[in-house]
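Novice: Would you mind keeping the following structure in view while I ask a few things?
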Amino acid sequence: LSALHPYGLQQYAYITAGVIAFTNIVFGGLYMYSLGPFNEGGGSYTASMRYLTPTLSLIVAITLIEDYVLTIVVSALSGGDQLLSILNAYGAPWIWHFALGAALAAVTWYLTIRGRGESAKTVFTLLATFVLLTIIMAIGLFIAKMKGVPPVPLEAAPQAVSFGQAILHMLTASMKGMVALTGLEAVSNGVQFMIEEDTGIVKWGKQHMPRLNKLWDFYSGRSGIARFVQTSFLFYGGITTFFLTYFAIYFDTYDGTLGRTLVANLAFIGFTQIPGGEILYWAYQILAVAMLAAASMTAFQDAQATEWRDVAIGEIPEAIIKRDVRGTFTRSVTITFGLSIVIMLLVRGNTSVAIPFYGVGVFLPIMIMGLAVRRHVLEHFTGRMRTIGAAASMFAAVLAGVVFVGQIVGKWEEGGWVRLLTFATLFLSAHLVLLSPAGYRGAKQVSRIVHEKARVEGGMASIVKWQAFKMQEYRYRLMIGLTSLLELFGVGQMSRRTVAALAGGGSVRMSQFISSTMNQPVTSSRSKAISNHKATENKTVLNRKFDHYHLPPRIVRHRIIVPVNGVHQGALTALRYAHSLSSDVTALHIAMDKTESETLQRQWATWGEGVRLVVLESPHKMVLEPLLEYIQKIMAIKQEDEIITVVVPQSIEPRWWSNLARTQLAGLLRLALPFETGIVITDVPYAIENDDE
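As structure tokens, then:
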């Protein structure tokens, strides 16, 4: 309404409310379904990691951190506005808005670092009281309408606008009304912290209304609790949107009218129709402030849940996280609080300036969730359900993409372009951190971060470790692709120094040798003297160096590991080469598809040449992580007189880009084991046979 009222377009607010309601239904249905296959937490981050690409997971991580920080900013500043509107001082100088917003953010920061349980109980109590007072306010507004309470007199004439401008303002109003959809991703992201049990109404329904078992199953367990939260959120949000729109237009009250916010104006009208209503009005306003503060508290909780995971995968430096005895990541929460205070100061405490930056990015995770759900449906369903499910999830993804573009366009003049710029900057920065040494995460380091620093166990720990290894695979592929691309232009190629041999032994750089021969005439006697001197000097140096050398132990056992994904020319060539090195050969297969593994085991009896075949399960369809785990177990029991060689079949493609597109396992292993001794990693090139020849 704040986007329509100044132009006299408030009568079209029902259209924008209808658009908001439709998107609520579509995105709400998408996320409530997604809590089934993706009930381990992480929201669209986990979904994209499983079914799409790590690049999209990075996009989700960046946008969520941005939105959580901006949620704190907008919620705290809105709470400050509500406090000022109680005193009819909504138009006070900006420093008061900033000071109150910063104070509210500080209170929620303190409650957050006190611990998750304390803050959750506080939020639940406030929410229940706020809902009850909202019902009382609604009764009061209906009483005011029946009594014929007149609208507030018009303070200023609306500006005249063209049809095109009216459409743009309606788009802006719709986009601003959708920012509350950030709650869908927030609930999905933190579902792992909910209890795995049925709510009371579900238990009762299963006993007394078994005909609705499908409904009760939908709302069962941890996923069911999250679905209850999302359903309540959408239902309450939809009702209040139409409710506030109707009465705001009827009484002609908006943000800034009589020095109050829109909600404060309606609350004053509604509660004053009831005896003792002024006290309820004050209580409601204070509760509204508390609820807005609670929203920022939720953002603090989700921010720390996101940031420690980003540390584990290598996107954020490890020093960011430290979990205290109460279970709070105090460093990440404090950094988030500091960033929110800086942004409040930059927008000079003006909520209207901060809102355009808020809620823009969340539609990217919603779009990515739609694409991931589509992939899930295509892989796990058949027939009509597969067709309908894929079409519905694709529609939700396209709609989220349209809304994202609409958010940027609708808020462009208000600062939407800044959000686009900051997103691009953070996306590049995250990749730079990931590619830098600070982004490297070995198996032991990931385990230490998850179990010792974050103190996370169980299914959540397994999921985060899987995500970390998946992101490290992505990191290695980026490094290989970037290096190969640079080498096309001659960047990063090894430069070789040319040396000249000296008579009598020893050598000198060719550049020095040429310089000395060109600048000084050398006689035969002088040359002989120089040679004798150099020979004596070199022998002395070599003898001094050899004093520190010692011969390594003789190699008694040579273990050969050959990763194979099937019986093909590359695997057979690698096996022959492995046999030429040692008779101790082990073929290693990462089982990602049951049918493919069974086929390989049948064919191995014929083509394996007696080599033992070890099959490793990979439930998350990863190649590098189980292979590394197996190699590290072998290295842990390796003796000093043993050596391990990993022989990797490597296809040779006629085009460099098609070769990059394949999994370059040898390169990935070298990058994953950069400082290990006693292991040799080599590849055996082979050409893919052309059936046409």
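So the sequence shown is residues 10 to 702, counted in this note's numbering.
Cβ coordinates follow ideal geometry from the N, Cα and C atoms, glycine included.
From PRO63, SER84 and GLU75, pick the residue whose C-alpha is nearest to that of THR434; which is it?
Specialist: Position 425 of the sequence shown, counted from the start, is the residue given in the question as residue 434. The candidate whose alpha carbon is nearest that of THR434 is GLU75.
Novice: Does the distance from the CB of THR431 to the CB of TYR77 come in under 8 Å?
Specialist: If you number the sequence shown from 1, residue 431 lands on position 422. If you number the sequence shown from 1, residue 77 lands on position 68. In this structure, TYR77 does not lie closer than 8 Å to THR431 by Cβ.
Novice: CB-CB under 8 Å to VAL623, same chain, minus the five flanking residues each way: which ones, in chain order?
Specialist: Within the sequence shown, numbered from 1, the residue matching residue 623 stands at position 614. So the list reads THR595, ALA596, LEU597, HIS598 and TYR639, once near-sequence residues are dropped.
Novice: Span of the alpha helix (DSSP H) holding VAL69?
Specialist: As a first step, residue 69 must be located in the sequence shown, where it is residue number 60. Note, VAL69: alpha helix (DSSP H), 63-95.
Novice: Got a sec? Which residues, its chain only, sit under 6 Å from PHE139 by beta carbon, not counting five neighbours each side?
Specialist: As a position in the sequence shown, residue 139 is number 130, starting the count at 1. Around PHE139: LEU296 and MET300.
Novice: Quick one: residues in its chain with C-beta nearer than 7 Å to the C-beta of SER183, no 5 flanking neighbours on either side, listed in chain order?
Specialist: Residue 183 sits at position 174 when you count from the first residue of the sequence shown. Confidence in SER183 is poor, its pLDDT being 48 and thus under 50, which makes the residue's placement unreliable; the coordinate value appears in the next sentence. Hits under 7 Å: THR25, VAL28 and ILE29.
Novice: Since HIS577 sits in a beta bridge, which residues does DSSP pair it with?
Specialist: Sequence index remark: in the sequence shown, residue 577 carries index 568 (1-based). HIS577 pairs with nothing; no bridge assigned.
Novice: What would DSSP say about ILE569, mapped onto helix, strand or coil?
Specialist: Working through the sequence shown from its first residue, we reach residue 569 at position 560. Strand, per DSSP.
Novice: So PRO120 packs on MET306, CB below 8 Å; how close in whole Å?
Specialist: Start at 1 with the first residue of the sequence shown, and residue 120 comes out as number 111. Start at 1 with the first residue of the sequence shown, and residue 306 comes out as number 297. For the sequence presented, residue 120 should be read as Leu rather than Pro. With a Cβ gap of about 6 Å, LEU120 and MET306 count as contacting.
Novice: Alpha carbon to alpha carbon, how far is TYR255 from ILE352? Give it in angstroms, no decimals.
Specialist: Locating residue 352 in the sequence shown gives position 343, counting from the first residue. Locating residue 255 in the sequence shown gives position 246, counting from the first residue. Cα to Cα, ILE352 sits roughly 34 Å from TYR255.
Novice: Using 8 Å as the threshold, is the C-beta distance between ALA409 and PHE36 below it?
Specialist: Translated into the one-based positions of the sequence shown, residue 409 becomes position 400. Translated into the one-based positions of the sequence shown, residue 36 becomes position 27. Going by C-beta atoms, ALA409 is nearer than 8 Å to PHE36.
Novice: Run through DSSP, which three-state label would PHE522 get?
Specialist: Taking the first residue of the sequence shown as position 1, residue 522 is located at position 513. For PHE522, the predicted model reports a pLDDT of 45, less than 50, meaning its position is unreliable; a value from the coordinates is still stated below. Looking at PHE522 - three-state DSSP - the assignment turns out to be helix.
Novice: Return the bridge partner residues of ASP692 from the DSSP annotation.
Specialist: As a first step, residue 692 is located in the sequence shown; it is residue number 683 there, counting from the start. Paired residues: VAL657.
Novice: When you compare each of ARG563, GLU388 and LEU584 to GLN648 by their alpha carbons, which one comes out closest?
Specialist: Within the sequence shown, the letter at position 639 stands for residue 648. Ranking ARG563, GLU388 and LEU584 by Cα distance to GLN648 puts ARG563 first.
Novice: By a C-beta neighbour count over all protein chains shown, 10 Å radius and 16 as the cutoff for buried, is GLN578 buried or exposed?
Specialist: Here residue 578 is taken as the residue at index 569 of the sequence shown, counted from 1. Its Cβ having fewer than 16 others within 10 Å, GLN578 is exposed.
Novice: Between the alpha carbons of THR32 and LEU495, how many angstroms are there, rounded?
Specialist: On the sequence shown, position 23 is the one that residue 32 refers to. On the sequence shown, position 486 is the one that residue 495 refers to. Rounded to whole angstroms, THR32 to LEU495 spans 45 Å at the Cα level.
Novice: Flag this pair as touching only if the region 90-110 and the region 318-328 have three or more C-beta atom pairs under 8 Å; answer yes or no.
Specialist: In short, these stretches do not touch, since the Cβ pair count stays below three.
Novice: Measure from the alpha carbon of ALA381 to the alpha carbon of each residue in VAL632, SER592, LEU73 and PHE404, then state which is nearest.
Specialist: Walking along the sequence shown from the start, residue 381 turns up at place 372. Measuring from the Cα of ALA381, the nearest candidate turns out to be PHE404.
Novice: Tell me the residue span of the alpha helix (DSSP H) that contains LEU437.
Specialist: Counted from its first residue, the sequence shown places residue 437 at position 428. That run of the alpha helix (DSSP H) goes 426-444.
Novice: Apart from the five residues just before and just after THR691, which ones in its own chain have a Cβ nearer than 8 Å to its Cβ?
Specialist: Position 682 of the sequence shown, counting from 1, holds the residue named residue 691. So the list reads THR654, VAL655, VAL656, VAL657 and ALA675, once near-sequence residues are dropped.
Novice: Taking 8 Å as the threshold, find out whether the region 62-74 comes into contact with the region 435-447 through three or more Cβ pairs.
Specialist: Yes: at least three Cβ pairs fall under 8 Å.
Novice: Under a Cβ-count criterion, where at least 16 other Cβ atoms within 10 Å of its own Cβ denotes burial, should ASP226 be classed as buried or exposed?
Specialist: The sequence position of residue 226 within the sequence shown is 217, counting from 1. Its Cβ having fewer than 16 others within 10 Å, ASP226 is exposed.
Novice: Which residue's Cα is closest to the Cα of PHE390: MET41, PRO46 and ILE34?
Specialist: Here residue 390 is taken as the residue at index 381 of the sequence shown, counted from 1. It is PRO46 whose Cα lies nearest to the Cα of PHE390.
Novice: For GLU316, does the three-state DSSP call read helix, strand or coil?
Specialist: Indexing the sequence shown from 1 puts residue 316 at position 307. In the structure shown, GLU316 sits in a helix (DSSP, three-state: H, G or I).
Novice: Identify, in the order they occur along the chain, each residue of the same chain with its Cβ nearer than 6 Å to the Cβ of VAL362, setting aside the five sequence neighbours on each side.
Specialist: Residue mapping note: residue 362 aligns to position 353 of the sequence shown, counting from 1. Here the set comprises VAL356.
Novice: For PHE151, count the other beta carbons within 10 Å of its own beta carbon; 16 or more makes it buried, fewer makes it exposed. Which is it?
Specialist: Working through the sequence shown from its first residue, we reach residue 151 at position 142. Answer is exposed; the Cβ neighbour count stays below 16.
Novice: From VAL200 to GLU327, what does the alpha carbon distance come to, in whole angstroms?
Specialist: Here residue 200 refers to the residue found at position 191 when the sequence shown is read from its first residue. Here residue 327 refers to the residue found at position 318 when the sequence shown is read from its first residue. The alpha-carbon atoms of VAL200 and GLU327 are separated by roughly 24 Å.
Novice: Could you compute how far the alpha carbon of GLY617 sits from the alpha carbon of LEU625?
Specialist: Counting from one through the sequence shown, the residue named residue 617 turns up at place 608. Counting from one through the sequence shown, the residue named residue 625 turns up at place 616. Answer to the nearest angstrom: the Cα atoms are 17 Å apart.
Novice: When you compare the CB positions of SER591 and ILE377, do they come within less than 8 Å of one another, or not?
Specialist: If you number the sequence shown from 1, residue 591 lands on position 582. If you number the sequence shown from 1, residue 377 lands on position 368. Taking 8 Å as the Cβ cut-off, SER591 and ILE377 do not qualify as a contacting pair.
Novice: Would you kindly check if the distance between the Cβ of ILE350 and the Cβ of ILE329 is under 8 Å?
Specialist: Mapped onto the sequence shown, residue 329 falls at position 320. Mapped onto the sequence shown, residue 350 falls at position 341. Contact flag unset, no.
Novice: If you compare alpha carbons, which of ASN574, GLY279 and LEU271 is closest to SER87?
Specialist: One-based indexing of the sequence shown puts residue 87 at position 78. Ranking the options by Cα distance to SER87, first place goes to LEU271.
Novice: Considering only residues of the same chain and omitting the five flanking positions on each side of GLY575, which have a CB-CB separation below 6 Å?
Specialist: Working through the sequence shown from its first residue, we reach residue 575 at position 566. Cβ within range, chain order: LEU609.
Novice: What is the DSSP secondary structure of THR686, counted as helix, strand or coil?
Specialist: For the purposes of this step, residue 686 is identified with residue 677 of the sequence shown, where counting begins at 1. Here THR686 sits in coil by DSSP.
Novice: Please give me, in chain order, every unbroken run of the beta strand (DSSP E) with length at least 3 that falls completely inside the region 373-399.
Specialist: As far as the region 373-399 is concerned, it has no whole beta strand (DSSP E) run of at least 3 residues.
Novice: Could you give the C-beta distance for ALA463 and TRP317, rounded to a whole number, given that I count them as a contact under 8 Å?
Specialist: Taking the sequence shown and counting its residues from 1, one reaches residue 463 at position 454. Taking the sequence shown and counting its residues from 1, one reaches residue 317 at position 308. Right, the Cβ-Cβ distance comes to about 5 Å (below 8 Å), so this counts as a contact.
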